[in-house]
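Using UniProt numbering, the first residue of the sequence shown is number 1, and each one after it goes up by one. See structure below.
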Amino acid sequence: MIGLEAFADPSEEWDIVETIGKGTYGKVYKVNNRKDGSQAAVKVLDPINDVDEEIEAEYNILQSLPNHPNVVKFYGMFYKADGLAGGQLWLVLEDFEKRPSVTHLLEHPFIKQAHSKVMTLQAQLAQHIREQQESGCTGRAKHEQINSRKTLKEHLVESCPDDDLVNLEVLDEESIIAHLQKRYADIQIYTYVGDILIALNPFQNLNIYSPQFSTLYHGVRRSSNPPHIFATADAAYQGMVTFSKDQANNRTLREKILQVNPLVEAFGNACTAINDNSSRFGKYLEMKFSPTGAVMGAKISEYLLEKSRVIKQAPAEKNFHIFYYIYAGLYHQNQLPEFRLPEKIPPRYIDNENGNVMQDIITNKVYKDQFKAIQHCFRIIGFTEEEVNSVYRILAAILNTGNIEFASITSQHQADKSEVPNAEALHNAADLLSIGAEELQEALTSHCVVTRGETIIRTNTVAKAADVRDAMSKALYGRLFSWIVNRINSLLQPDKNICTPESGMNVGILDIFGFENFQKNSFEQLCINIANEQIQFYFNQHIFALEQVEYQNEEIDASLVEYEDNRPILDMFLQKPMGLLSLLDEESRFPQATDQTLVDKFEDNLRYKYFWRPKRVELCFGIQHYAGKVDTMEIMHHPEETTNMRRQTVASYFRYSLMDLLSKMVVGTPHFVRCIKPNDDRQALKFSRERVLIQLRYTGILETVNIRRQGYSHRILFEEFVRRYYYLAFRAHQMPATTKENCIAILEKARLDKWVLGKTKVFLKYYHIEQLNLLLREVIARVVVMQAYTKGWLGARRYRKDREKRTRCAIIIQSAWRGHVARLSHRQIKRQREEAAICIQAGNLVLFLPILALEWWRLARFIAHLEVFQVLDHLVPIAPPGGADDSSSQVLETRQHPLAAISSPNQAVEDSMSHGATEETGK
């Protein structure tokens with residue numbers, strides 16, 4: 001035991017400053033050293049009766065390993081005597097606030113080396129424990145003595161107030177920025193704003209996305225773990241399925257869905273000046289679930305692919321990832337000649353100003369590994385080898401198409417005519433596309449014009465032919481991308497017999513590019529920013545506008561929050577006929593339209609404060625987006641590109657795509673994730689306050705914090721609320737009336753606070769839904785347990801009855817069977833006896849008949865001795881003496897020995913019959 005009297009009084013050396021928290025044995029305080037002012041942490045064991053072998057073991061370890069890197073620094077143990085309270089034991093240790101966070105520890109080499117070795121380490125630990133037990137070094141932890149006055153609930157991990165900005169006491173821009181910066185320094189990249197998640201880009205790989213990590217967030221309270229994207233995903237799933245049975249999900253289907261994202265990102269993502277893996281398209285992944293919550297299929301919708309990147313990239317940017325992956329993969333597999341790709345000179349579409357593309361492709365191991373990963377994705381999802389090979393051929397054909405050059409020729413009747421002087425690239429592209437080289441050249445160097453039913457073929461100039469070549473490359477890539485998406489959808493579509501559209505069990509994930517502003521912004525950047533304007537409008541409507549309209553309609557006393565409404569700028573873009581996109585469509589149909597005429601038309605018709613023209617710049621105009629000012633140039637670059645036979649313009653196609661995207665978003669309950677870039681240099685742990693503040697302002701985070709703190713994010717009709725949660729306060733088999741009183745009963749039974757009832761709806765805080773769903777899961781889980789026991793008891797009773805019935809039936813069947821077997825046996829024995837008798841009669845009649853005759857002989861002798869002799873004398877006459885022949889001697893011998901004369905059964909029978917007849921005649 002520890003000798004308490006040997007320890008010094010802590011009051012002489014340490015002063016308690018504040019409480020840090022609660023430990024296993026007692027409270028933990030921050031203390032200052034009276035001598036040098038240093039800080040430490042002290043664990044106070046109060047009273048000392050709680051001291052047991054574990055405390056002594058901890059003291060011995062701390063004392064023997066004071067400088068070990070994995071053991072906290074130990075300043076000593078002290079004893080503060082108190083006659084009334086019983087005394088206190090102080091363990092003074094290193095201040096834990098100076099030690100790294102859990103996220104930092106995950107990056108420690110000691111922890112990282114354990115990844116993918118869990119089973120091996122478990123086996124080694126089990127072996128070590130067995131060896132310790134065999135050697136006698138065993139010890140049992142006395143858990144019942146460790147502060148047993150505490151309940152399990154007191155030991156649960158509670159949410160940190162810093163996890164949610166709504167909990168901040170002081171709410172302004174400065175406090176929010178300081179709060180986010182502190183969390184980012186601790187590699188806490190996720191922060192809540194009520195039910196909205198803020199994600200700061202760490203610009204480094206973090207080990208917080210493993211399957212084991214995700215299980216921590218499944219079906220638990222959000223406050224049980226730090227903020228994470230997994231918690232948002234689980235909230236969406238739990239909102240769809242209130243209670244889900246254990247499902248034997250299709251692991252093959254799940255694996256296919258997991259491979260979809262890497263595949264489409266390879267074709268739709270690219271390296272930009274601000275992001276190495278920037279999404280250059282909008283992706284909406286819709287997960288299909290069965291009524292019990294099992295994943296049954298998936299569907300992808302793609303929007304706004306930046307096809308112009310195929311033919312041209314800005315400085316310091318690259319083409320889509322797949323071009324570099326396939327080039328590196330085919331190079332290392334020695335298949336470049338098969339796909340007509342050069343080994344030394346890069347194709348024009350992927351070349352850069354530095355001229356180091358081929359060296360990068362050959363030496364960069366990432367490209368080679370990613371090519372193998374893409375092949376794996378194709379194989380797992382279900383693409384055939386022929387389909388994958390066709391994809392590679394089309395990609396190689398696009399790269400070869402970009403190498404086709406044109407030269408101007410002059411003929412007698414045509415001055416501006418183009419031709420292909422070097423046909424190598426032309427033949428390569430034609431062979432890969434399985435078309436004729438002459439047909440491809442004709443399509444590039446000429447075009448058809450239909451006038452009054454007559455088709456006129458006109459030649460293209462060199463510039464026009466180059467535009468047609470690039471337009472064809474963009475169209476090829478766009479069609480290929482759409483085909484891959486459609487093929488994935490066909491391979492992942494759910495079974496209609498199991499998952500019907502009426503079930504409505506869907507979870508959608510929207511991943512789309514963010515607001516962009518470059519030195520030169522093309523038409524694609526304009527479309528991207530318009531899409532972000534529309535999504536911001538949807539965010540505002542869901543968070544602010546619709547919520548405040550509900551307050552007024554339901555007569556709820558709630559303060560209104562002011563926010564920036566971006567509807568006017570959307571009207572400037574999308575309204576007809578005087579919106580920017582409509583004016584662009586109109587101008588693109590004029591044969592003589594130019595960039596100048598387009599800009600002039602914008603200036604004349606767009607009478608909005610959001611539109612302006614910079615001074616001293618001719619072909620340029622600016623847009624004041626919600627996220628800032630953007631100067632747009634080259635707006636008319638290939639506006640005539642069409643998508644169908646009706647010559648639908650790119651602007652029109654964009655508008656319809658945007659409408660389709662919104663139609664999918666508005667039907668569900670959204671869960672927002674706001675992504676923030678902490679700096680523009682892509683450096684880890686670098687936090688630019690100005691850059692973050694700008695993003696927080698234009699995303700409306702400050703207003704969102706206000707409305708989440710003051711408002712009610714969930715508004716549920718009385719009928720729906722009672723139907724969903726009546727289990728909490730009423731019997732399961734009795735559906736209560738959908739009245740306000742029953743809603744109040746449910747809310748009071750759930751012990752919720754700060755809720756409000758309107759005229760027709762229940763108004764709840766953002767955290768109420770989580771609490772209600774967890775309570776409902778607990779109630780239903782108890783119901784399921786009782787059902788299981790009841791079904792087990794009923795099943796056992798039915799089993800006993802069935803067993804008794806089967807036993808009686810078995811006895812009856814056995815009785816009938818045994819009788820049947822006995823009768824069969826009896827008949828068989830009887831038949832065997834009859835067969836035996838016949839056999840005896842047939843085989844032993846020689847012996848049997850004389851014996852029978854002998855019996856008759858005796859009987860006859862007894863009746864009439866004289867008469868019998870007369871009969872015998874008559875049957876067998878006595879031969880005369882001296883002259884007996886053979887027959888006579890035989891008869892004589894028979895007389896002496898009657899049995900010897902019978903030579904066969906037939907003869908015996910005949911003799912017997914003859915004897916009877918003679919006897920009858922004699923009488």
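All C-beta atoms in this analysis are idealised placements derived from N, C-alpha and C, irrespective of residue type, glycine included. In this text the structure is predicted, and so the values were computed from the model without any measurement.
Annotation: I840 to Q832 spans about 12 Å, alpha carbon to alpha carbon. With the rule of 3 Cβ pairs closer than 8 Å, the region 704-722 does not count as touching the region 682-691. Non-local C-beta neighbours of G436 in its own chain, meaning closer than 7 Å and more than five positions away in sequence, comprise A430, ordered along the chain. Here D195 is buried. Its C-beta has 16 or more other C-beta atoms within 10 Å. At a cut-off of 4 residues, the continuous stretches assigned as alpha helix (DSSP H) that sit fully inside the region 10-79 are 53-64.
The three-state secondary structure of W793, taken from DSSP, is helix. Boundaries for F518: no beta strand (DSSP E) harbours it, and the DSSP string shows neither H nor E there. In the structure shown, F763 adopts extended strand secondary structure according to DSSP, grouped into three states. In this structure, G628 places its C-beta atom within 9 Å of the C-beta atom of I694.
The three-state secondary structure of K677, taken from DSSP, is coil.
Note on D15: under 16 other CB atoms within 10 angstroms of its CB, so exposed under the neighbour-count rule. Between P10 and the set P421, G76, M665, the nearest pair of CA atoms involves G76. For S278, the pairing in a beta bridge is given by DSSP as A270.
By a beta-carbon distance limit of 8 Å, E302 contacts F481. Their separation comes to about 7 Å. When the Cα atoms are used, Y29 and L491 turn out to be separated by approximately 60 Å. Contact between L426 and I404 holds, since their C-beta atoms are separated by about 5 Å, short of 8 Å. Per DSSP, reduced to three states, the secondary structure at L91 is strand.
Setting aside the 5 residues that flank it on each side, K791 has no residue in the same chain whose C-beta is closer than 8 Å to its C-beta. The region 590-599 makes no contact with the region 653-663, as fewer than three CB pairs between them are under 8 Å. With fewer than 16 neighbouring CB atoms inside 10 Å of its own CB, E835 falls in the exposed class. Relative to the Cα of E58, the nearest Cα in the group V31, E741, I111, W90 belongs to W90. Shortest Cα-Cα distance from E439 to any of G453, N277, K307, A423 involves A423. At least 9 Å separates the beta-carbon of D571 from that of N540. Annotated as distal: L305 and I350, with beta-carbon spacing of 9 Å or more. According to the DSSP assignment, E419 belongs to the beta strand (DSSP E) that extends over 417-419. Note that the region 277-293 does not touch the region 706-719; fewer than 3 beta-carbon pairs, one per stretch, sit closer than 8 Å. Around the beta carbon of A465, 16 or more other beta carbons sit within 10 angstroms, so the residue counts as buried. Two segments are said to touch when three or more pairs of C-beta atoms, one from each, lie closer than 8 Å; by this definition the region 728-745 touches the region 770-785. Beta bridge pairing from DSSP links K629 with Q624.
Rounded to whole angstroms, the gap between the alpha carbons of T120 and T401 is 53 Å. Here L125 is exposed. Its C-beta has fewer than 16 other C-beta atoms within 10 Å. One alpha carbon belongs to M578, the other to E586, and they sit about 10 Å apart. In terms of CA proximity to D660, A531 leads the group A531, D600, P568, Y551. In this structure, T669 sits away from A298, with a CB-CB distance that is not shorter than 9 Å.
Sixteen is the threshold: when 16 or more other Cβ atoms of the shown chains lie within 10 Å of the Cβ of N529, as they do, the residue is buried. Taking all protein chains in view, the Cβ of R340 is crowded by 16 or more other Cβ atoms within 10 Å, so the residue is classified as buried.
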